[in-house]
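When you line the sequence shown up against the UniProt record's numbering, it's residues 1 to 200, in that order.
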Amino acid sequence: MARRRDERIDEAVLAAVGELLREVGYRGLTMEAVARRAGTTKPAIRRRWPGQRHLVLAALAAERVGVAPELDTGCWHCDVVEHLEALRAGLDDPALARVLPALVADLADDPDLRREFLEAVWEPRRQACLVSLRRATLRGQLRPGRDADLVLDLFAAPVVLRALFGHRELTASFVREVVDVVGAGLGATRHCAEPHCADR
1 MARRRDERID EAVLAAVGEL LREVGYRGLT MEAVARRAGT TKPAIRRRWP GQRHLVLAAL
61 AAERVGVAPE LDTGCWHCDV VEHLEALRAG LDDPALARVL PALVADLADD PDLRREFLEA
121 VWEPRRQACL VSLRRATLRG QLRPGRDADL VLDLFAAPVV LRALFGHREL TASFVREVVD
181 VVGAGLGATR HCAEPHCADR
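Encoded structure:
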């Protein structure tokens, strides 16, 4: 009879990875340090994850860094700003900020790892925002017939670009400007009494 997997070890390992990523970054992470911090052994970790890069992805997915809670303010602008602000805050978190640039290079060389990253780490962030965009379309705030994935990429790409290259400051005001500019290009309407959502 197979031994039951101890989920406490899983949780301790993933928590240890998150802590170490914030302390030493992606390149400084070692399995030895993870095992020591989690109070377990390297063989126990290897039985659960095929390699260190997969372990990092599992930790990022478990923490849900940069994923906004479910939103439905009734205003597409407010919802998208909140989603992108969560993404900005997540990309500013050392768990992602110290990982993403180096991880991108590994993703380019490993199609399976890239697929796992997209499914486990990136897709939850995309889906949360896509739900808000679809609701906005049903409310008539966004024009129907648009490619939802394209619209989402238009919103997210400037934020991710600044996070990856660090060539300009990634601020909350920049996030709002992105939403304003892309929304104007999409011909979106606003239905919100908040000052930042006043029609211009």
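Here a beta-carbon is modelled for each residue, glycine too, at the ideal position from N, C-alpha and C.
Whole angstroms are fine: how far does the CA of residue j sit from the CA of residue i?
{"i": "Asp199", "j": "Val159", "result": "For Asp199, the pLDDT reaches just 46, beneath the cut-off of 50, and the residue's location in the model is therefore unreliable, although a value from the coordinates is still provided. Going by the C-alpha atoms only, they are around 24 Å apart."}
{"i": "Val24", "j": "Gly51", "result": "18 Å"}
{"i": "Ala156", "j": "Pro111", "result": "22 Å"}
{"i": "Glu32", "j": "Leu161", "result": "33 Å"}
{"i": "Val17", "j": "Thr171", "result": "27 Å"}
{"i": "Arg114", "j": "Gly145", "result": "29 Å"}
{"i": "Asp109", "j": "Leu57", "result": "15 Å"}
{"i": "Leu14", "j": "Arg88", "result": "22 Å"}
{"i": "Thr189", "j": "Ala105", "result": "39 Å"}
{"i": "Val99", "j": "Leu21", "result": "7 Å"}
{"i": "Val175", "j": "Trp49", "result": "36 Å"}
{"i": "Met1", "j": "Trp122", "result": "Because the pLDDT at Met1 is just 42, under 50, the model does not fix this residue reliably, and the value given afterwards should be weighed accordingly. Roughly 37 Å separates the two Cα atoms."}
{"i": "Glu119", "j": "Glu11", "result": "20 Å"}
{"i": "Ala95", "j": "Asp6", "result": "25 Å"}
{"i": "Arg47", "j": "Arg125", "result": "28 Å"}
{"i": "Glu63", "j": "Ser173", "result": "26 Å"}
{"i": "Leu107", "j": "Arg27", "result": "14 Å"}
Short of 7 Å in beta carbon distance, which residues of its chain neighbour residue i, apart from the five on each side in sequence? Order them along the chain.
{"i": "Ala68", "result": "Glu82, His83, Ala86 and Ala128"}
{"i": "Val151", "result": "Leu133 and Leu186"}
{"i": "Leu130", "result": "Ala148 and Leu152"}
{"i": "Ala61", "result": "Ala120 and Val121"}
{"i": "Ala44", "result": "Ile9"}
{"i": "Thr41", "result": "Ala35"}
{"i": "Arg37", "result": "Ala16, Glu19 and Leu20"}
{"i": "Arg135", "result": "Asp72"}
Should residue i go down as buried or exposed, given a rule of 16 or more other Cβ atoms within 10 Å for buried?
{"i": "His167", "result": "exposed"}
{"i": "Val181", "result": "exposed"}
{"i": "Arg143", "result": "exposed"}
{"i": "Thr30", "result": "exposed"}
{"i": "Ala102", "result": "exposed"}
{"i": "Leu138", "result": "exposed"}
For residue i, which residues of its own chain have a beta-carbon under 6 Å away from its beta-carbon, when the five flanking residues on both sides are left out?
{"i": "Asp79", "result": "Leu71, Thr73 and Ser132"}
{"i": "Ala59", "result": "Leu14, Val17 and Gly18"}
For residue i, which residues of its own chain have a beta-carbon under 8 Å away from its beta-carbon, when the five flanking residues on both sides are left out?
{"i": "Val178", "result": "Leu84, Phe155, Pro158 and Val159"}
{"i": "Glu116", "result": "His54 and Leu57"}
{"i": "Leu91", "result": "Gly66, Ala97, Leu100, Val159, Val160, Ala163 and Leu170"}
{"i": "Asp39", "result": "Here residue 39 turns out to be Gly, not Asp, going by the sequence shown. Same-chain partners within the cutoff: Ala12."}
Discussion item. As an exercise, report each continuous alpha helix (DSSP H) stretch of at least 4 residues that is fully enclosed by the region 141-197, in chain order.
Written reply: Those alpha helix (DSSP H) runs which fall completely within the region 141-197 and span 4+ residues are 148-165 and 172-186.
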